[in-house]
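Residue numbers (the working numbering), protein chains in the order written: chain Y, 3 to 207; chain V, 3 to 207; chain S, 3 to 207. All C-beta atoms, glycine included, are put in the ideal place defined by N, C-alpha and C. In what follows, a single structure is set out as structure tokens and then discussed.
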């Protein structure tokens with residue numbers, strides 16, 4: 003499981019960078035930017051742990067997450083020109099992050115004996131809630147609500163994971179296939195500009 | 003208690019419809035609309051369960067709530083014209099919903115041995131927090147803060163419940179009277195345009 | 003420990019007043035204003051308790067906090083002219099509040115066996131999350147993100163507390179030094195207009 007842990011930390015750092023960038027756009031002070039970095043990176047897992055009742059929440063028990071957030075934050079503050087130029091690399095890390103977060107969330111849900119549908123929801127929550135909280139605290143409408151096939155990729159990956167888990171496939175293989183599926187769907191969706199239909203209240207045709 | 007459970011699901015569906023309508027107004031994509039529907043319908047109960055420490059939270063343990071949310075969401079997306087025309091019916095369901103949610107919240111609080119004042123707060127929280135979260139995530143000022151005698155109806159119902167519970171009235175009767183009181187106050191308040199005084203910071207007369 | 007408890011209630015009341023004033027600025031109705039007062043005053047401690055898993059959360063178990071909030075709320079509504087004229091006194095109470103809240107959060111974290119870095123974070127969270135939630139629910143960008151050395155004072159106080167606790171200093175002395183340090187940093191920072199550097203995304207020089 004150490005590969006998962008390393009990928010988890012990479013995802014955490016990528017999320018912290020995205021949080022710091024959002025805060026810089028709003029010209030928050032340094033503490034505010036660190037707070038948003040932290041919220042973005044650990045918000046999803048925290049909400050998952052509170053809902054499941056797995057407390058104290060994960061990041062309180064090992065400093066690794068905190069260090070990953072801090073490194074992402076410092077790198078963004080100190081090298082913002084270079085970070086901005088690395089947009090494609092960041093996007094890749096971020097995508098790996100949501101894939102890993104989804105898998106970790108589902109595994110934790112199943113470990114606590116939740117039914118499959120709840121475990122899948124915990125996976126999606128781990129992956130998307132941090133970004134939604136970042137946007138709410140920056141006073142924006144959450145991005146995940148109107149851009150990209152993002153949560154949908156997590157949903158498809160989650161259902162796949164539950165199916166493979168149900169038929170008893172090897173765990174590492176299950177994790178690998180789920181992760182790659184989520185990453186592939188997101189990369190393809192951005193490459194080909196896929197997006198979900200918008201909901202709309204107007205009734206004219 | 004099966005009547006309560008059915009009314010609970012009707013309330014959940016009504017809340018999901020109101021969440022979906024809010025998201026459609028903001029033109030969220032389909033995932034975003036489903037997320038808001040879910041948040042509106044189960045947000046209040048989730049916060050209650052986290053505060054009490056009753057985890058994993060209720061909707062994780064039975065798919066009924068999820069199915070109710072999904073049905074409300076699908077109905078709104080597919081039949082939006084008809085849903086919009088049903089405004090009065092929806093309002094009635096919504097009102098039944100908050101009345102039932104208040105009762106369920108209080109009962110859960112008392113079941114966990116909370117003092118009466120906390121149990122009443124849990125009832126109000128169950129009924130109003132979902133709608134407040136819906137508005138925060140849609141980047142609006144929560145409606146419950148500036149319209150209608152809504153939370154007040156829950157408060158009066160809650161105090162009534164605690165009193166009847168204290169004097170040892172039959173539980174079903176207590177539930178019935180509380181529910182009907184909340185429904186009646188809300189219907190009357192909308193009919194006669196009652197509203198709470200606004201707070202105001204300006205000090206001129 | 004009864005001095006701490008009294009200071010805790012004074013802090014709670016000061017936070018409730020600040021919440022009520024925010025709500026009045028937005029012309030919320032009376033229920034909305036009470037909700038915001040409550041959220042501001044008990045939000046930080048509630049999030050701390052949920053993250054640690056100390057449930058039912060503190061304010062559910064004794065009515066003291068609720069009464070303190072209600073008194074702060076009523077005083078603000080009834081005597082708003084006088085409350086507004088007391089700005090300096092309020093600011094002092096608020097400052098005492100965040101200092102006490104920080105200490106209480108750290109103590110609770112250590113009591114639950116958290117590592118020092120998590121306990122410090124729990125202290126900061128207790129002190130600043132209530133105000134952040136107040137601003138999010140009022141649809142503003144949280145003040146703590148772009149004004150004053152506020153959370154930084156809590157951070158420095160928290161580190162100091164952990165150090166003194168580590169070298170085994172007397173608890174009451176530790177509490178006293180931490181509280182006074184936080185209060186002094188905040189008073190000085192406002193007096194001399196200290197602020198953290200702003201983060202900024204633009205890369206021109």
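Under 8 Å, do residue i and residue j count as touching if we go by C-beta distance?
i, j, result
"residue 45/V", "residue 131/V", "yes"
"residue 96/S", "residue 24/S", "no"
"residue 74/V", "residue 22/V", "yes"
"residue 77/Y", "residue 42/Y", "no"
"residue 98/S", "residue 182/S", "no"
"residue 71/V", "residue 14/V", "yes"
"residue 167/S", "residue 154/S", "no"
"residue 65/Y", "residue 119/S", "yes"
"residue 79/Y", "residue 184/Y", "no"
"residue 197/Y", "residue 51/V", "no"
"residue 103/S", "residue 129/S", "yes"
"residue 203/Y", "residue 26/V", "yes"
"residue 201/Y", "residue 200/V", "no"
"residue 53/V", "residue 48/S", "yes"
"residue 116/S", "residue 124/S", "yes"
Compare the C-beta of residue i with all C-beta atoms of chain Y and state if any pair is closer than 8 Å.
i, result
"residue 97/V", "no"
"residue 202/S", "yes"
"residue 88/S", "no"
"residue 207/V", "Low per-residue confidence applies at residue 207/V: pLDDT is 44, beneath 50, and the placement is therefore not dependable, though the value from the model is reported in the following sentence. No, its Cβ sits nowhere closer than 8 Å to a Cβ of chain Y."
Of all Cβ atoms in chain V, is any one closer than 8 Å to the Cβ of residue i?
i, result
"residue 2/Y", "Since the first and last residues shown for chain Y are 3 and 207, residue 2/Y lies out of range."
"residue 85/S", "no"
"residue 67/Y", "no"
"residue 71/S", "no"
"residue 165/Y", "no"
Against chain S, does residue i count as a neighbour if the rule is that its beta carbon must be under 8 Å from one of theirs?
i, result
"residue 131/Y", "no"
"residue 35/Y", "yes"
Looking only at its chain, what residues have a beta carbon closer than 6 Å to the beta carbon of residue i, apart from the 5 residues adjacent to it on each side?
i, result
"residue 180/S", "105, 159, 162 and 163"
"residue 82/Y", "none"
"residue 152/S", "146"
Does the beta carbon of residue i come closer than 8 Å to any beta carbon on chain C?
i, result
"residue 9/S", "Checking the listed chains, one finds no chain C in this structure; the protein chains it contains are Y, V and S."
Report the partner residues of residue i according to the DSSP bridge assignment.
i, result
"residue 200/Y", "31/V"
Identify, in the order they occur along the chain, each residue of the same chain with its Cβ nearer than 7 Å to the Cβ of residue i, setting aside the five sequence neighbours on each side.
i, result
"residue 68/V", "61"
"residue 142/Y", "none"
"residue 139/Y", "38 and 41"
"residue 114/Y", "54 and 56"
"residue 145/Y", "133 and 137"
Whose C-beta lies closer than 8 Å to the C-beta of residue i among residues of the same chain, with five residues either side of it excluded?
i, result
"residue 207/S", "Residue placement at residue 207/S cannot be trusted, given a pLDDT of 45 that sits under 50; what the coordinates show is reported in the next sentence. So the list is empty, once near-sequence residues are dropped."
"residue 16/V", "74, 92, 95, 96, 98 and 99"
"residue 122/V", "108, 111, 157, 160, 161, 163 and 164"
Give a single yes or no on whether residue i has its beta carbon closer than 7 Å to a heavy atom of the ligand MN.
i, result
"residue 6/V", "Inclusion of the ligand MN in the displayed structure is not the case, the ligand content being empty and no account of it being possible."
Please list the residues of the stretch 40-65 of chain S that have a C-beta atom closer than 9 Å to any C-beta atom in chain V, keeping them in chain order. Flagged, chain order: 40, 48, 51, 52, 55, 56, 57, 58, 59, 61, 62, 63, 64 and 65.
For the stretch 144-162 of chain V, which residues have a CB atom closer than 7 Å to at least one CB atom of chain S, in sequence order? Those residues of the stretch 144-162 of chain V that come within reach of chain S (Cβ to Cβ, closer than 7 Å) are 144, 146, 147, 148, 153 and 154.
Return the residues of the stretch 91-120 of chain V that lie within a Cβ-Cβ distance of less than 9 Å from chain S, sorted by chain order. Per Cβ criterion, the list reads 111, 114, 115, 116, 117, 119 and 120.
Give, in chain order, every residue of the stretch 17-33 of chain S whose Cβ lies closer than 8 Å to some Cβ of chain V. Taking 8 Å as the Cβ-Cβ cut-off against chain V, the residues of the stretch 17-33 of chain S that qualify are 22, 23, 25, 26, 27, 28, 29, 30, 31, 32 and 33.
Taking any Cβ of chain Y, which residues in the stretch 170-198 of chain S have a Cβ under 9 Å from it, in chain order? Answer in chain order: 197 and 198.
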